[in-house]
Amino acid sequence: MTLPPDRPVVLIAEELAPSALEVLADDYEVSHIDGTDRPALLAGLADASAVIVRSATRIDAEAIAAAPRLKVVARAGVGLDNVDVPAATARGVMVVNAPTSNIVSAAEQAVALLLAVARNTAAASAALKAGEWKRSKYTGVELSGKVVGVVGLGRIGVLFAQRMAAFGVRLVAYDPYVQPVRAAALGVRLLGLDELLRESDFISIHLPKTPETVGIIGVRELGLVKPGVRIINAARGGLVDEQALADAIADGRVAGAGIDVFAKEPCVASPLFAFDNVVATPHLGASTVEAQDKAGLAVARSVKLALDGEFVPDAVNVQAGGVVAEEVRPLLPLAERLGAVFTAVAGGVAAAVTVEVHGEVAKHDVSVLKLAATKGLFGSVVAEQVTYVNAPHLAADRGAEVALAVFTESSDQPNLVTVRGALPDGRVASVSGTYVAGPREALKLTEIDGFSLELAAEGVLLFFRYADRPGVVGTVGSILGSAGVNIAAMQVARREAGGEALMTLTVDTAVPADLLGEAGQAIGATAASTADLSAD
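Using this note's numbering, the first residue of the sequence shown is number 636, and each one after it goes up by one.
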């Protein structure tokens, strides 16, 4: 089968789950390369609209520069150490990952390591396979009644704590960003780090790797621990000082450790490997069939959203990223289209714009609507691709300030969005619209510069401002008809008979500037503009 020439190319640089490939196969040309082969990677990126990697492929500034069509870099996993996010952002390229794909697997790996260390499982297994039957040598400890300290009560830390609760342990945690009421609801008592170290029989680390957390368990901290403690790190290498931990195990202060991550990886030599009471695994936290499938599916879906120009919740370099409430999500295309209409009727870029959100929907986090409107504002006025990533930068570069105003009081509409702005010449322009739910779901324009409308916010729109008088509609219709432009819908709004009027038309095809100018001149229009809402 011959593929359409404009079909976007998705470059798969590392192994991806078959289920993820199925998500992409129908809409894109999927190309496979070995991402660790640098020349092949750079060559493959030349035509790619998206690239999906895991941890082995390096997408740096050179790689991004080699990909003029690139819209999204997707990392099928959590970390982004191999992606130059600032370089991608500067180019307007979205970077996405799969932040929740491996959280269950990672929590279960920490539990597995803790149990293996408590019962000396790995050493006993190795001894038995070597022909030794030494039951007393590998006597372990029960978990029931013990104190388990959780360092970091984020998503994985919470999952770990919930699973450990089933063993009848007492849970304590250190996390300065978690409120005591939240911890109490989880059955966890919050402590300072030093206090946790002194009380815990087991300690499991669940922190991100940041300049503040590197080495958080070091020589000083290991001098504070309760003698006989067992320490688990399945989070990030470098959070625990490996040499200091080895020394603490050697002098008997620490009874054992389960380590899945290392400061430098791949790691095939470590002072910790000398001890039978250390269970070491090669960074297996996300190495489950389920986690790999989840990661692949998550980024494949994000790639589809990004290539369709839609908002991507898992984008790491998009302002106002994160989960969007279901009540807010339908307003994303509305806000973007209102931004496009605003620029059209204003006749240029505004010096200052406020995105106003009115009604019940304003009770949710609607900050993403400002971002969507900003994307719409610049779609028709810059030559480069406008995305959720670079829209704020385009506004800043042009000195345009975009603000958000929220009004939760009732309005005529349950969800009303207005884009209002001041032009450099002092004029003020405004565009409003709403989302109509239900069987007749639609995005509608409700107001332009004070003129009330009831028109679908879709297709190619034409706007004419003129002095109200008979015959104007017929004149415009005749000119467009003679040029083969079909009118799908039309509406005239006015404040008073004989005063200023606004004619808005929906047409089936784009109207060239010269034809728009001809129609405007024929009716003596004070302004004539067009907005193409069919491309988003």
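Glycine residues also receive a C-beta, built at the ideal position from the N, C-alpha and C atoms.
A quick note: this is a predicted structure, and the numbers were derived from the prediction, not measured.
Alpha carbon to alpha carbon, how far is residue 677 from residue 1038? Give it in angstroms, no decimals.
-> Their Cα atoms are separated by approximately 40 angstroms.
Beta carbon of residue 1092 nearer than 9 angstroms to that of residue 972 = Against a cut-off of 9 angstroms, the Cβ pair of residue 972 and residue 1092 comes out as a contact.
With distances taken Cα to Cα, identify the nearest neighbour of residue 784 among 814, 954, 799, 831.
-> Looking at the Cα atoms, 831 is the closest of the given residues.
Under the three-state DSSP convention, the category residue 773 falls into | The DSSP-derived three-state label of residue 773 is helix.
Euclidean distance between Cα positions of residue 911 and residue 692 = Residue 911 and residue 692 have their C-alpha atoms roughly 35 angstroms apart.
In terms of DSSP beta bridges, what is residue 841 paired with?
-> The bridge partners DSSP lists for residue 841 come to none.
The beta strand (DSSP E) with residue 993 in it runs from where to where?
-> Residues 987-994.
Rounded to a whole number of angstroms, what is the C-alpha to C-alpha distance between residue 1055 and residue 1063?
-> Spanning the two alpha carbons is a distance of roughly 7 angstroms.
Just to confirm, does residue 1073 get its C-beta within under 8 angstroms of one of the non-hydrogen atoms of the ligand NAP?
-> This structure simply doesn't include the ligand NAP, nor any ligand for that matter.
What do you get for residue 968, buried or exposed, if any count of 16 or more other CB atoms within 10 angstroms of its CB means buried?
-> Under a 10 Å Cβ-count criterion, residue 968 is classified as buried, with 16 or more other Cβ atoms of the shown protein chains found around its own Cβ.
Taking only the alpha-carbon atoms, compute the straight-line gap between residue 1003 and residue 879 and give it to the nearest angstrom.
-> If you take the alpha carbons of residue 1003 and residue 879, they lie about 46 angstroms apart.
Cβ distance (whole Å) where residue 1049 is taken to contact residue 996 below 8 angstroms = With 8 angstroms as the limit, residue 1049 and residue 996 qualify as a contact, their Cβ atoms being about 7 angstroms apart.
Opposite residue 784 in the DSSP bridges: which residues?
-> Note: residue 784 sits in a beta bridge opposite 807, 838.
Evaluate contact between the segment 841-853 and the segment 789-799, counting only Cβ atoms and requiring at least three cross-stretch pairs below 8 angstroms.
-> Touching, yes.
When the Cα of residue 829 is compared with those of 814, 806, 822, 860, which residue comes out closest?
-> Ranking 814, 806, 822, 860 by CA distance to the CA of residue 829 puts 860 first.
DSSP on residue 654, reduced to helix/strand/coil?
-> In this structure, DSSP gives residue 654 a helical state, which the three-state scheme calls helix.
Using DSSP with H/G/I as helix, E/B as strand and the rest coil, what is residue 1106?
-> Coil at residue 1106, not helix or strand.
For residue 1127, which residues does DSSP report across the bridge?
-> Under DSSP, residue 1127 shares a beta bridge with 1138.
Under the rule that 16 or more other beta-carbon atoms within 10 Å means buried, what is residue 1131, buried or exposed?
-> Exposed, by the Cβ-count rule.
Pairing CB atoms from the segment 1005-1023 with CB atoms from the segment 1079-1095, are three or more of them under 8 angstroms?
-> Verdict: no, contact absent.
Which same chain residues, not among the five before or five after residue 790, have their C-beta less than 6 angstroms away from its C-beta?
-> Counting only Cβ-Cβ distances below 6 angstroms, and skipping sequence neighbours, we find 738.
With residue 706 as the anchor, note down where its alpha helix (DSSP H) starts and where it stops.
-> In the DSSP annotation of this structure, residue 706 is not part of any alpha helix (DSSP H), being labelled neither H nor E.
Can at least three beta-carbon pairs, one atom from the segment 1098-1111 and one from the segment 1150-1169, be found at a separation below 8 angstroms?
-> With a cut-off of 8 angstroms, the segment 1150-1169 and the segment 1098-1111 count as touching, because enough Cβ pairs lie within range.
Enumerated in chain order, which unbroken segments of the alpha helix (DSSP H) with a length of 4 residues or greater are wholly contained in the segment 670-755?
-> If you keep only unbroken alpha helix (DSSP H) runs of at least 4 residues inside the segment 670-755, you get 673-680, 696-700, 720-725, 738-753.
Looking at the structure shown, is residue 1157 part of a helix, part of a strand, or coil, going by DSSP?
-> DSSP places residue 1157 in helix when its eight states are reduced to three.
Local Cβ density within 10 Å of residue 814, reported as buried at 16 or more and exposed below that = The Cβ neighbour count for residue 814, taken over all protein chains shown within 10 Å, is under 16; the residue is labelled exposed.
Candidates 985, 666, 952, 946: closest to residue 961 by CA position | Out of 985, 666, 952, 946, 946 has the C-alpha closest to the C-alpha of residue 961.
By a C-beta neighbour count over all protein chains shown, 10 Å radius and 16 as the cutoff for buried, is residue 1156 buried or exposed?
-> Looking at its Cβ environment, which holds fewer than 16 other Cβ atoms inside 10 Å, residue 1156 is exposed.
Note down the Cα distance separating residue 800 from residue 806, rounded to an integer number of angstroms.
-> Each residue's Cα considered, the two are about 7 angstroms apart.
Residue environment, residue 942, which counts as buried when at least 16 other CB atoms sit within 10 Å | By the Cβ neighbour-count rule, residue 942 is buried, with 16 or more other Cβ atoms within 10 Å of its own.
Would you call the CB atoms of residue 761 and residue 865 closer than 9 angstroms?
-> No, the pair does not count as a contact, with Cβ atoms beyond the cut-off.
Can you give the Cα-Cα distance for residue 714 and residue 980, rounded to whole angstroms?
-> Between residue 714 and residue 980, the C-alpha separation is close to 44 angstroms.
Residues bridged to residue 913 [DSSP beta-bridge criterion] | Looking at the DSSP assignment, residue 913 forms a beta bridge with 892.
Start and end of the alpha helix (DSSP H) containing residue 1007?
-> Taken as a continuous stretch (DSSP letters only), the alpha helix (DSSP H) holding residue 1007 covers 1002-1013.
Helix or strand or just coil, what does DSSP make of residue 659?
-> Three-state DSSP puts residue 659 in a helix.
With distances taken between CB atoms, is the gap from residue 983 to residue 932 smaller than 9 angstroms?
-> Not closer than 9 angstroms, so no.
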